[in-house]
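Sequence order for the protein chains is B and Z.
Note that this note's numbering has the first sequence beginning at 109, numbered continuously upward.
Note that this note's numbering has the second sequence beginning at 3, numbered continuously upward.
Even glycine gets a Cβ: it sits at the ideal position worked out from N, Cα and C.
Structure, as structure tokens:
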Amino acid sequence: MALTDISIGQYFPGNSPVHRMDPRMKLVLTFVYVIMLFIAGNFLSLAMGVVLLLVVYPISQVPLKLIVKSVKPIVPIVLFTGILNMFFVKGDILWAWGFLEVSRQGVRMAVLLAARILCLIAGTSLLTYTTSPIALTDGIEQLFSPLKKLGAPVHEIAMMMTITLRFIPTLIEETDKIMSAQKARGADLESGGLFQRIRALLPILIPLFVSAFRRAEELALAMECRCYHGGEGRTRMRTLQMGRVDAMAALLVGVFLAATIFFAVAGAV
Amino acid sequence: MSTISRTEQLTHIYGAGTAFEQAAIRNVNLNIEKGEFVGVIGHTGSGKSTLIQHLNGLLRPTSGKVYINGEDIWAKPKEIRKFRFQVGLVFQYPEYQLFEDTVYKDISFGPRNMGLSEEEIDRRVRQAAAFVELKEATLYKSPFELSGGQKRRVAIAGVIAMSPDVLILDEPTAGLDPRGRDRILGEIKEYHQQQKATVLLVSHSMEDVARYASKVLVMNRSEVFLYDTVEAVFSRAEEIEKMGLTVPQITRICRRLAAQGVPISPHTYTVESAKEQILSILRERGKR
């Protein structure tokens, strides 16, 4: 088993206009997009959400394969909720068999729901595809910085997120190494019942925890040696700045939001 | 002498079938004789680690074969563990793999996995502990209370306790002080001699290789560049230095002295041998 093949965080590096956007704007617009999907209560308004994706994905240059990959794991859930809706929403009956009834309203609801969930996943994945984890935590920190006045440890939480992201690959590598070392001593990880398998993980988990704590202590020490004392008065190497791309993106999403609201209110389709 | 470990056209490619495809080792044909003490040298990324992980079946070859005592180890993948007991592998910084609450239990992990009887496990643990010079009292301590050097010796004992025919160590002395280094290498030599075991020692120190090994395996750019006796390998100093590796410091000094006309052998690999030669030269001069 090659653990190092797993990629955590789905950042897809690139230099498209979407990549260049300010992470704060991307976070806000993603949030707006989610709201927009929930406002959309009929086909025409939900179509706006689909069209927006069709416009933005090509600009982002994220390959189609990745979108499929992000949507794939939730397909069973979508099918499941869709089918449930089909049977449980009452209305004009299209088809019936025993106690099972499918109504026209039920089918409509199922299709809307499926489309909405798929758009939701595809839309939010675009954020993580085009924003590096570090930029993302930076954006989150800045967006939530007003909460600092209320005493929320915003900087600390963002720093924890950054450190966590930084250490995921390190820990994966470490796990791989420890697994190899124990396998070299004949540890059997592949056979036996559930209980045996859990027991077999101990020789891996214990050294992993020990080394995670050791690393945490070393890192804390190194940070203190460099006079880290929290976010107070700290300046950044890369300051976030909104630019023309951000304004255009906001405008684009704004137009689509307006259209969605218009169709949702006006249309009964 | 008979061959204990053999590879045939061994190739390993990481990320095969993706854009990041990279050959870690290519067409490696090796014949390691029983009882040999082999020093493995090569740059970081030359394929040393990948190669040694094939010899005990931790990695599966992309193509090619690995034999132990004439048996193809991947003939029956389900029985691969058997070969891991025959070829013991000590990883770099092995002290990070300790996990039991006592040193004794940790050393017994390998023998226990082999399915040995309690008496045999006890005998193996005590023998392995003796090899790495651990005191009886230490056996009942927690491995996490020990010093860095002690932890490392415990980890090595954990592999020796399986009494493997082939013992492979990946930089067992990294990060130790000179005293700890000499101690561990001395203990490995002891194991080699007493158990008539085959030892492969991956090292960056040419001095250690020259002092302990009988043969040297030089890896360069995923391929075996040389596999020969210490003398034969270090006599090709120019080529080795071109690869960015070095020959032992004392060898370089003797080569320079020999080039200047001092009657010293340019094929001197250890400080002891240099000392003897220089003393005899001085004695000669004193007579005159």
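Counterpart residues of Z:R8 in DSSP-defined beta bridges: Position 6 of the second sequence, counting from 1, holds the residue named residue 8 of chain Z. Note: Z:R8 sits in a beta bridge opposite Z:N33, Z:Y69.
B:M267 versus B:T245: straight-line alpha-carbon distance, rounded: Within the first sequence, residue 267 of chain B is the residue found at index 159, counting from 1. Within the first sequence, residue 245 of chain B is the residue found at index 137, counting from 1. The alpha-carbon atoms of B:M267 and B:T245 are separated by roughly 8 Å.
Contact with chain Z by B:D284, beta-carbon distance below 8 Å: Numbered from its first residue, the first sequence carries residue 284 of chain B at position 176. Output row for B:D284: interface = no.
Segment limits, alpha helix (DSSP H) that includes B:A308: Here residue 308 of chain B refers to the residue found at position 200 of the first sequence. Unbroken alpha helix (DSSP H) run through B:A308: 302 to 333.
CB contact below 8 Å: Z:G160 versus chain B: Locating residue 160 of chain Z in the second sequence gives position 158, counting from the first residue. With 8 Å as the cut-off, Z:G160 counts as an interface residue toward chain B.
C-beta atoms of B:G157 and B:A372 nearer than 8 Å: For the purposes of this step, residue 157 of chain B is taken as the residue at position 49 of the first sequence. For the purposes of this step, residue 372 of chain B is taken as the residue at position 264 of the first sequence. No.
Closer than 8 Å at the beta carbon, the chain Z residues around B:L310: Within the first sequence, the letter at position 202 stands for residue 310 of chain B. Those within 8 Å of B:L310 in chain Z are F101.
Own chain partners of Z:S216 with C-beta closer than 8 Å, once the 5 adjacent residues on each side are dropped: As a first step, residue 216 of chain Z is located in the second sequence; it is residue number 214 there, counting from the start. Result list for Z:S216: E38, F39, V40, T231, V232, in chain order.
Of the listed residues Z:R154, Z:V201, Z:R128, nearest to Z:E35 (C-alpha basis): Here the question's residue 35 of chain Z lines up with position 33 in the second sequence. With distances taken between Cα atoms, Z:E35 lies closest to Z:V201.
Contact list for Z:I83 against chain B, beta-carbon separation under 7 Å: Counting from one through the second sequence, the residue named residue 83 of chain Z turns up at place 81. Note on residue identity: the sequence assigns Arg, not Ile, to residue 83 of chain Z. Within chain B, the residues near Z:R83 are G294, D296.
Contact set between the stretch 145 to 172 of chain Z and chain B, restricted to residues whose Cβ is under 8 Å from the partner: F146, G160, V161, M164
Z:G246 to Z:E173 span [Cα, whole Å]: Along the second sequence, read from residue 1 onward, the residue named residue 246 of chain Z stands at position 244. Along the second sequence, read from residue 1 onward, the residue named residue 173 of chain Z stands at position 171. If you take the alpha carbons of Z:G246 and Z:E173, they lie about 18 Å apart.
Cβ-based burial, B:T278 [other Cβ within 10 Å; buried from 16]: Taking the first sequence and counting its residues from 1, the one referred to as residue 278 of chain B is at position 170. Exposed, since its Cβ has fewer than 16 Cβ neighbours within 10 Å.
Below-8 Å beta-carbon distance, Z:G112 vs any chain B residue: Residue mapping note: residue 112 of chain Z aligns to position 110 of the second sequence, counting from 1. Closer than 8 Å to some Cβ of chain B, the Cβ of Z:G112 qualifies, so yes.
Chain Z contact residues for B:I306, given Cβ-Cβ distances below 9 Å: Walking along the first sequence from the start, residue 306 of chain B turns up at place 198. Simply none; closest approach about 15 Å.
Buried/exposed call for B:S153, threshold 16 Cβ in 10 Å: In the first sequence, the residue the question calls residue 153 of chain B occupies position 45. Buried: at least 16 other Cβ atoms inside 10 Å.
Sequence ranges, alpha helix (DSSP H) only - wholly within the stretch 84 to 162 of chain Z, length at least 4: 105 to 115, 120 to 133, 150 to 162
Pair within 8 Å by beta-carbon distance, Z:I82 and Z:G59: For the purposes of this step, residue 82 of chain Z is taken as the residue at position 80 of the second sequence. For the purposes of this step, residue 59 of chain Z is taken as the residue at position 57 of the second sequence. Yes. Within cutoff.
Pairwise C-alpha distance: Z:P250 and B:Q304: Along the first sequence, one-based indexing puts residue 304 of chain B at 196. Along the second sequence, one-based indexing puts residue 250 of chain Z at 248. In a straight line, the C-alpha of B:Q304 is about 50 Å away from that of Z:P250.
Sequence ranges, beta strand (DSSP E) only - wholly within the stretch 163 to 232 of chain B, length at least 3: 201 to 205, 208 to 211
Selection of the stretch 190 to 224 of chain Z by Cβ proximity to chain B, strictly under 9 Å: none
Delimiting residues of the beta strand (DSSP E) encompassing B:L348: Looking up residue 348 of chain B in the first sequence gives position 240. No beta strand (DSSP E) contains B:L348, which DSSP labels as neither H nor E.
C-alpha gap between Z:M116 and Z:A163, whole angstroms: In the second sequence, counting from the first residue as 1, residue 116 of chain Z sits at position 114. In the second sequence, counting from the first residue as 1, residue 163 of chain Z sits at position 161. Rounded to the nearest angstrom, the two C-alpha atoms are 11 Å apart.
Distance between beta carbons of B:L145 and B:Y237, contact taken as under 8 Å: Reading the first sequence from its first residue, position 129 is the one you call residue 237 of chain B. Reading the first sequence from its first residue, position 37 is the one you call residue 145 of chain B. No, B:Y237 and B:L145 are not in contact; Cβ-Cβ is about 18 Å, not under 8 Å.
Close-in-space but distant-in-sequence residues of the same chain around Z:E97 (CB under 7 Å, 5 per side omitted): In the second sequence, residue 97 of chain Z corresponds to position 95, counting from 1. Result list for Z:E97: G150, K153, R154, A157, in chain order.
Three-state secondary structure assigned by DSSP to B:Y336: The count along the first sequence starts at 1 and reaches residue 336 of chain B at position 228. Coil, per DSSP.
Contacts of Z:Q129 in chain B (Cβ-Cβ under 7 Å): As a working mapping, residue 129 of chain Z is identified with position 127 in the second sequence. Neighbours of Z:Q129 on chain B: none; closest Cβ ~16 Å, over 7 Å.
The stretch 315 to 340 of chain B: positions lying closer than 8 Å to chain Z by Cβ: P315, V318, S319
Beta-carbon proximity list for Z:L171, same chain, < 6 Å, skipping 5 on both sides: As a first step, residue 171 of chain Z must be located in the second sequence, where it is residue number 169. The residues are V92, L203.
C-beta atoms of Z:I54 and Z:S7 nearer than 8 Å: Reading the second sequence from its first residue, position 52 is the one you call residue 54 of chain Z. Reading the second sequence from its first residue, position 5 is the one you call residue 7 of chain Z. No, Cβ-Cβ distance for Z:I54 and Z:S7 is not below 8 Å.
Rounded separation between Z:E72 and Z:T5 - CA only: By one-based count along the second sequence, residue 72 of chain Z stands at place 70. By one-based count along the second sequence, residue 5 of chain Z stands at place 3. The amino acid occupying residue 72 of chain Z in the given sequence is Gly; Glu does not appear at that position. Straight-line Cα distance between these residues: approximately 8 Å.
Same chain only: Cβ atoms within 7 Å of B:E391, ignoring 5 sequence neighbours per side: Since the displayed chain B opens at 109 and closes at 377, residue 391 of chain B lies outside it and no answer follows.
Within 8 Å, strictly: CB atoms of Z:V89 and Z:V168: Counted from its first residue, the second sequence places residue 89 of chain Z at position 87. Counted from its first residue, the second sequence places residue 168 of chain Z at position 166. Taking 8 Å as the Cβ cut-off, Z:V89 and Z:V168 qualify as a contacting pair.
8 Å Cβ cutoff met for B:V210 and B:F195: Counted from its first residue, the first sequence places residue 210 of chain B at position 102. Counted from its first residue, the first sequence places residue 195 of chain B at position 87. A contact, by the Cβ cut-off of 8 Å.
Helix, strand or coil at Z:E225 according to DSSP, with G and I counted as helix: Numbered from 1 along the second sequence, position 223 holds the residue referred to as residue 225 of chain Z. Strand at Z:E225.
Backbone secondary structure at B:F151 - three-state DSSP: Here the question's residue 151 of chain B lines up with position 43 in the first sequence. Here B:F151 sits in helix by DSSP.
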